[in-house]
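Here is the structure we will look at.
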């Protein structure tokens with residue numbers, strides 16, 4: 014895999030980037046060009062510069078996906094948006110392979126539009142599609158701290174997506190799941206309601222048990238966070254989290270749930286999974302920053318979760 018950051022001086026527009034990407038594809042003799050875009054402008058410029066290459070537009074924005082498809086472009090709707098753009102490239106290639114838009118062994122040029130990661134350096138990757146990308150391990154996108162089982166994260170995300178879909182149906186429901194390092198997470202916190210899991214058997218307190226997922230969705234209607242051990246055992250729910258005045262930087266538009274989760278992950282080794290009551294999106298926080306955004310309406314597919 015070849016990566017090019019800021020490949021040419023003076024490239025300041027999507028039109029310039031598109032022209033450069035086509036030249037790279039010509040030199041590399043690539044089979045196709047994958048364009049990661051938010052607004053769709055980058056993809057349209059690519060389409061205007063070449064008819065020699067298959068152009069695939071990948072986006073996490075549903076409106077952009079629809080408009081580009083209407084314009085005749087092959088489109089891929091991305092269920093995940095990793096904050097690390099290099100990891101996002103792997104996710105894009107995985108989705109393209111699983112959707113049969115590319116084949117294993119093909120040489121592709123994958124370019125990220127400026128609107129996807131504003132203010133960051135340009136990124137163009139020339140790579141051969143690897144067959145093992147079809148089952149992308151989610152820890153390639155989210156770096157888990159010691160003690161958190163990947164399957165526990167998978168279950169937390171599954172529940173969060175159920176809640177997110179309910180939020181999008183107008184139920185105005187959100188949630189916080191703090192996963193791992195639960196002793197540190199609970200420092201300074203307080204119960205807003207009696208712990209609804211207290212006294213229950215282990216099987217009824219682990220998110221690995223699919224039979225309790227609907228009950229957790231119902232409990233999410235109550236105030237407070239779920240605090241879960243790294244092995245998936247629910248310590249408590251209905252918790253007010255203490256941030257200890259930790260300063261964190263959040264993307265614009267995120268609210269108090271996201272700020273609380275980010276702050277707790279900044280002072281602990283926990284991972285936070287947050288559902289927005291406003292847009293239903295699921296966001297994952299680690300080390301004080303958002304590392305992943307998920308659309309609950311798009312199945313993230315057969316992402317293999319190692320134990």
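Numbering (the numbering used here), first residue to last: 14 to 320. Where is the CB? At the ideal position from N, CA and C, for every residue including glycine. These numbers were taken from a predicted model, which means no experiment stands behind them.
Inset, instruction - Name the two residues that bound the continuous beta strand (DSSP E) containing residue 94. - result: 93-95
Inset, instruction - Reducing DSSP to helix, strand and coil, say where residue 88 ends up. - result: strand
Inset, instruction - Decide if residue 320 is buried, meaning its Cβ has at least 16 other Cβ atoms within 10 Å, or exposed. - result: For residue 320, the predicted structure reports a pLDDT of 39, less than 50, and the residue's modelled location is therefore unreliable. A value from the coordinates is still provided. With fewer than 16 Cβ atoms within 10 Å of its Cβ, residue 320 is classed as exposed.
Legend entry - Secondary structure of residue 324, DSSP reduced to three states: Here the chain has residues from 14 to 320 only, and residue 324 is not among them.
Inset, instruction - Kindly give me the distance between the Cβ atoms of residue 55 and residue 126, rounded to whole angstroms, as I take these residues to be in contact under 8 Å. - result: 4 Å
Inset, instruction - Please state whether DSSP places residue 182 in a helix, a strand or coil. - result: helix
Legend entry - Rounded separation between residue 185 and residue 232 - CA only: 14 Å
Inset, instruction - Over the uninterrupted beta strand (DSSP E) stretch that includes residue 299, give me the two end residues. - result: 295-299
Inset, instruction - Evaluate residue 85 with the Cβ neighbour count: other Cβ atoms within 10 Å of its Cβ, from every protein chain shown; 16 or more gives buried, anything less gives exposed. - result: exposed
Inset, instruction - Check residue 303 in the structure and name its three-state DSSP category. - result: Residue 303 falls in the strand class under three-state DSSP.
Inset, instruction - Please classify residue 221: does DSSP put it in a helix, a strand, or coil? - result: coil
Legend entry - Inter-stretch contact (C-beta, 8 Å, three-pair minimum) for the region 204-211 and the region 244-260: yes
Legend entry - Rounded C-alpha distance that separates residue 204 from residue 239: 11 Å
Legend entry - residue 276 burial status per 10 Å Cβ neighbour count (16 or more: buried): With 16 or more other Cβ atoms within 10 Å, it is buried.
Legend entry - Exposure of residue 108, with buried meaning 16 or more beta-carbon neighbours within 10 Å: buried
Legend entry - Alpha-carbon to alpha-carbon, residue 166 and residue 215: In this model, residue 215 and residue 166 are separated by some 18 Å (Cα to Cα).
Legend entry - Three-way DSSP call (helix, strand, coil) for residue 171 in this model: helix
Inset, instruction - Identify which residue in 49, 45, 63, 220 has its Cα closest to the Cα of residue 129. - result: Nearest option by C-alpha distance: 49.
Inset, instruction - Determine the extent of the alpha helix (DSSP H) in which residue 278 is found, giving its start and end residues. - result: 269-280
Inset, instruction - Please confirm whether residue 325 and residue 279 have their CB atoms less than 7 Å apart. - result: Because the chain spans 14 through 320 in this model, residue 325 falls outside it and cannot be assessed.
Inset, instruction - Starting from residue 136, follow the beta strand (DSSP E) in both directions and report where the run begins and ends. - result: 136-141
Legend entry - the region 34-49 touching the region 67-76, judged by at least three CB pairs closer than 8 Å: yes
Inset, instruction - Taking residue 239 as part of the alpha helix (DSSP H), name the residues at either end of that continuous run. - result: Careful: residue 239 lies outside any alpha helix (DSSP H), inside the beta strand (DSSP E) at 238-241.
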